[in-house]
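Novice: Residue numbers (this note's numbering), protein chains in the order written: chain A, 1 to 437; chain B, 1001 to 1437. Virtual Cβ for every residue (Gly too), placed ideally from N, Cα, C. Before anything else, here's the structure in question.
Protein chains: 2
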Amino acid sequence: MAVSVRFSDFARLAGAGAGKGKNMTKKEYDGYTYVDGGVCAAKGFVANGLNCGINPDREKYDLGLVYSETVCNAAAVYTQNKVKGAPIFVTKEHLEKSAGTARAVIVNSKNANTCNPNGIEVAEEVCALTAGALGILPEEVIVASTGVIGERLSTEPFRQGMPELVRGLSADGNGRAAYAIMTTDTIQKEVAVTFEIQGKSCTIGGMAKGSGMIHPNMATTLNFITSDVSISTEMLQAALSEVVKVTYNCLTIDGDTSTNDMVSVMCNGLAGNVQIREQNRDFDVFRQALYIVMENMAKMLAGDGEGATKMLECRCGGAKNLETAVAVAKSVVGSALVKCMFFGEDANCGRLLCALGYADAEFDIEKVNIDLASSGGRISVCKNGVILDFSEEEAAKIIGEQEIYIIIDLQDGDASAKAWGCDLTYDYVKINGDYRS
Amino acid sequence: MAVSVRFSDFARLAGAGAGKGKNMTKKEYDGYTYVDGGVCAAKGFVANGLNCGINPDREKYDLGLVYSETVCNAAAVYTQNKVKGAPIFVTKEHLEKSAGTARAVIVNSKNANTCNPNGIEVAEEVCALTAGALGILPEEVIVASTGVIGERLSTEPFRQGMPELVRGLSADGNGRAAYAIMTTDTIQKEVAVTFEIQGKSCTIGGMAKGSGMIHPNMATTLNFITSDVSISTEMLQAALSEVVKVTYNCLTIDGDTSTNDMVSVMCNGLAGNVQIREQNRDFDVFRQALYIVMENMAKMLAGDGEGATKMLECRCGGAKNLETAVAVAKSVVGSALVKCMFFGEDANCGRLLCALGYADAEFDIEKVNIDLASSGGRISVCKNGVILDFSEEEAAKIIGEQEIYIIIDLQDGDASAKAWGCDLTYDYVKINGDYRS
């Protein structure tokens, strides 16, 4: 089992998940096995989702619930946008009040409960309703909302939907919960892996939503992760904060950092391992599992970006430090011109160099090498800062695929990182020109 | 005549130029009069443009020349992208070698002469050809290129076109030069104003190109400005560096900082004023003229952004300092979601707050007021950080116009700034999915 990896090694370990667009197959990791079940994959977690009337389209779910049979240690990271959704404030306060423990996640879509005069009261009331129905304390509830900003959110639909939501909690309810948090998403996003700690079978699984307004900063779009590993709140927060930096924070759909981004992890300890309380070998195994779940989720979010037809992964290696590698990789996948170039399948590779050149990082442009790769092959397009006279035909074959890898070597050190994005398409403009209706 | 204005006052002085989209009328300024003539408006400047064969479409010009009958003091600002076009290096060296003087600008479109192995040699050769034909020194030539990055540029078309280019230099050649620098631009961009210094009639005029890859950092897309004012190189550079901060650097089309951005100003002194050598009243008058030319050009660039149907101006007032005002205004006009919202004419105003919230600046979100304005009216959409229950009908009328003003009050001080952008449309994607063909 892979342990004690340096952090920038994560990027190398997680290779080119083969497969196509929105149905990416996942890369195999030694000692980690993908399983179904999303947030219900780990022992002791149940979930549900339904339409409670926030979304007038009754076909679409708008309310999701995840519940642990036992108390969990919990950690979360939040958006760094100055404008924060009311649920962000309430969740933060709850985790402080409960000393980093939680039992449930309640989350609605269609309305972000943000920039409303009574947002905090509404979020508190939603937690109280949830706690009452589950027989737990309000501060054991993590609350989240996603959707339109600046529209009042009534608690009435929550009140009406709560009994049925709680009644329907089940160990196979993960899909319903994942469906409930979708907005402009076109696919449900769930990942889970099993692995061993001290010979005990452990599981970590999660669900995510997000398609637009995605340019995470210290957190991202909504992501809820559950695990049966026993780990202290402090170690859990440490693992989450570290992994988020090289996964969700390396994801950009449109450069817009949402107001409601949140990633939460709840660990109930039912795997039966001796609690992880320090950064030992067990911690490394857990952190790697968390990385696998979050990397896969990040790729799913990128591939399902609003209007996207292609998933773009930029790998920057040979950097003098992790920060440089991250800045370069994010700058390339975040460029509107690079995004359009892949949509148009036009190998206008000067744009890759241009985007790299305005990254906020230090490196020598005259040492930069760039390759393009996909299941269609691999080609070198830039060597030592000079665009090569590559075969347009070969390049066209590579960028005609749905998963594209832009591989940069700065020839300046050992650090590496990945960033994920997608192409910019007519549909992105269409979706966002008419979001509310 | 307006003088001794504090710098952040510029934003206030330059009000809402009325008029529509690409045919904006210009705001009147006390003591400054708009005139025709672009780079030839000032005394002693001639210009020309033609097709020399870099662009296979012979209808399109690809080579422009501006020439001053007498030696000019010159100043320039350049892109901060790490990847710089070869002409940037050569122009910089020439201005150093000539101690801040120049006689001519030679500029080609269709090929950026960037990331080529022999780019510097090509740019030097182009200057030598120009100098030879004009009978001046190579270091008196400012050289610039714009177009595709990473394609070799031959000097042969320059050699063939130079005699005719020089022969055709004339005082009404400004339009031909402005046409020669267009790439995806749909309109020529020229502005000139006359004003008085020491009772002498002075003129400053310029031309600009730029439509995509526009997110200037310390400089912008290609802009060439000429004036007959007598001013020292040092004072000229001071004025340019100051004005660029609140004009071109507040402009974003797509977040991509070009590799070839450059603004140059050449002043030949033929107006006959006593040379400006310090930051006195005359300096203020000149700087204000430069501001007027550059602000108008910035708005023209924004309104003619690739695929744009609307010009967006964000004015941020009540900021505690200029940096805060600039950061907030740029963040709003740069947001992909805000840009799509205006294209779709959907007053989804939470997106304005969201974009403001991730600006890299310090302010209190609970004090933020936002109005939307245009020739269709003015409406308040956010008060003290809370989205108001505004009339959708009124809002639709306002954002249905072609010039939209987003007016932000941070209620935190006296500084203000403007930033300019445009909507994000299907055509932006179309243009940039297939740029090279």
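With C-beta atoms as the reference, is B:Ala1329 less than 8 Å away from B:Asp1360?
Specialist: no
Novice: DSSP beta-bridge partners for A:Asp371?
Specialist: A:Ser380 and A:Ile407
Novice: Which whole runs of the beta strand (DSSP E) in the segment 35 to 95 of chain A are 3 residues long or more, in chain order?
Specialist: 45 to 50 and 63 to 78
Novice: How long is the line joining the alpha carbons of B:Ala1239 and B:Gly1269, rounded to whole angstroms?
Specialist: Spanning the two alpha carbons is a distance of roughly 16 Å.
Novice: Could you work out which residues of chain B lie near A:Arg315, taking near to mean beta carbons separated by less than 9 Å?
Specialist: Near A:Arg315 there are no residues of chain B at all, since even the closest Cβ is about 19 Å away, more than 9 Å.
Novice: Are the C-beta of A:Ser335 and some C-beta of chain B separated by less than 8 Å?
Specialist: Flagged as an interface residue toward chain B: A:Ser335, by a C-beta distance shorter than 8 Å.
Novice: Taking B:Arg1152 as part of the alpha helix (DSSP H), name the residues at either end of that continuous run.
Specialist: Looking at the DSSP string, B:Arg1152 is not in any alpha helix (DSSP H), and its letter there is neither H nor E.
Novice: Using a C-beta cutoff of 8 Å, does B:Ser1258 count as contacting chain A?
Specialist: yes
Novice: Chain A beta carbons: is any one of them nearer than 8 Å to that of B:Asn1113?
Specialist: no
Novice: Determine, for A:Asn116, whether the minimum Cβ-Cβ distance to residues of chain B falls below 8 Å.
Specialist: Yes, A:Asn116 lies at the interface with chain B (some Cβ there is under 8 Å from its Cβ).
Novice: Please compile the residues from chain A whose C-beta is within a distance smaller than 8 Å of the C-beta of B:Ala1417.
Specialist: Going along chain A, no residue has its Cβ under 8 Å from B:Ala1417, so there is no contact; the nearest lies around 18 Å.
Novice: Just to check my reading of the structure: B:Asp1228 and B:Ala1271 have Cβ atoms closer than 8 Å, yes? What is that Cβ distance to the nearest angstrom?
Specialist: 4 Å
Novice: Could you tell me which of A:Ile406, A:Val77 and A:Val243 sits nearest to A:Ile379, measuring between CA atoms?
Specialist: A:Ile406
Novice: Name, in chain order, the residues that DSSP records as bridge partners for B:Phe1195.
Specialist: B:Cys1202
Novice: Using a Cβ-Cβ distance under 8 Å, would A:Thr220 count as near chain B?
Specialist: Its pLDDT being 43, under 50, A:Thr220 is placed unreliably by the model, and the measurement read from it follows with that caveat. Output row for A:Thr220: interface = no.
Novice: How big is the Cα-Cα spacing for B:Leu1251 and B:Ala1075?
Specialist: Taking the CA atoms as reference points, B:Leu1251 sits about 21 Å from B:Ala1075.
Novice: Run through the DSSP bridge pairs and tell me what B:Glu1313 is partnered with.
Specialist: B:Tyr1405 and B:Trp1420
Novice: Compute the Euclidean distance between the alpha carbons of A:His413 and A:Phe363, then round it to the nearest angstrom.
Specialist: Correcting the residue identity first, residue 413 of chain A is Gly in this sequence and not His. One C-alpha to the other measures close to 10 Å.
Novice: Terminal residues of the continuous alpha helix (DSSP H) containing B:Ile1477?
Specialist: Summary: the structure shown does not reach residue 1477 of chain B, with chain B confined to residues 1001 through 1437, and so no result is reported for it.
Novice: Going by beta carbon distance, what residues of the same chain come within less than 7 Å of B:Val1126, once the five residues before and after it are set aside?
Specialist: Taking B:Val1126 as the centre and dropping the five residues before and after it, the same chain places the C-beta of Ile1106, Val1143, Thr1155 and Phe1158 closer than 7 Å to its C-beta, in chain order.
Novice: Whole alpha helix (DSSP H) runs in the segment 1277 to 1313 of chain B with 4 or more residues, listed along the chain?
Specialist: 1281 to 1303
Novice: Beta-carbon separation of B:Ile1408 and B:Arg1315 under 8 Å?
Specialist: Contact flag set, yes.
Novice: Taking only the alpha-carbon atoms, compute the straight-line gap between A:Cys422 and B:Ser1258 and give it to the nearest angstrom.
Specialist: Distance between the alpha carbons of A:Cys422 and B:Ser1258: 21 Å.
Novice: Using 8 Å as the threshold, is the segment 1192 to 1199 of chain B in touch with the segment 1096 to 1106 of chain B, meaning 3 or more CB pairs across them?
Specialist: no
Novice: Kindly give me the distance between the Cβ atoms of B:Glu1401 and B:Gly1376, rounded to whole angstroms, as I take these residues to be in contact under 8 Å.
Specialist: About 5 Å; that satisfies the 8 Å criterion.
Novice: Just mark B:Gln1288 as buried or exposed, buried being the case when its beta carbon has 16 or more other beta carbons within 10 Å.
Specialist: buried
Novice: Residues of chain D with CB under 7 Å from A:Cys40, in chain order?
Specialist: As a matter of chain content, chain D is missing from the structure shown, whose protein chains are A and B.
Novice: Quick one: is A:Lys418 buried, meaning 16 or more other Cβ sit within 10 Å of its Cβ, or exposed?
Specialist: Under this definition A:Lys418 is a buried residue.
Novice: To the nearest angstrom, how far is it from the Cα of A:Asn296 to the Cα of A:Lys26?
Specialist: 7 Å
Novice: Interface residues of chain B around A:Cys340 at Cβ under 7 Å?
Specialist: Val1429, Asn1432 and Gly1433
Novice: Is B:Lys1299 close to the ligand ATP? I mean its beta-carbon at under 7 Å from any heavy atom of the ligand.
Specialist: The model depicted lacks the ligand ATP and carries no ligand whatsoever.
Novice: To the nearest angstrom, how far is it from the Cα of A:Thr146 to the Cα of B:Asp1346?
Specialist: 19 Å
Novice: DSSP beta-bridge partners for A:Asn113?
Specialist: BP columns for A:Asn113 are empty, so no partner.
Novice: Buried or exposed: B:Ser1331, going by 16 or more other Cβ atoms within 10 Å of its Cβ?
Specialist: Its Cβ being crowded by 16 or more others within 10 Å, B:Ser1331 is buried.
Novice: Between the segment 67 to 93 of chain A and chain B, which residues of the former have CB atoms less than 7 Å from a CB of the latter, in chain order?
Specialist: Within the segment 67 to 93 of chain A, the qualifying residues are Asn81, Lys82 and Val83.
Novice: Along the chain, where does the beta strand (DSSP E) that runs through B:Ala1144 open and close?
Specialist: Segment Val1141 to Ser1145, the beta strand (DSSP E) holding B:Ala1144.
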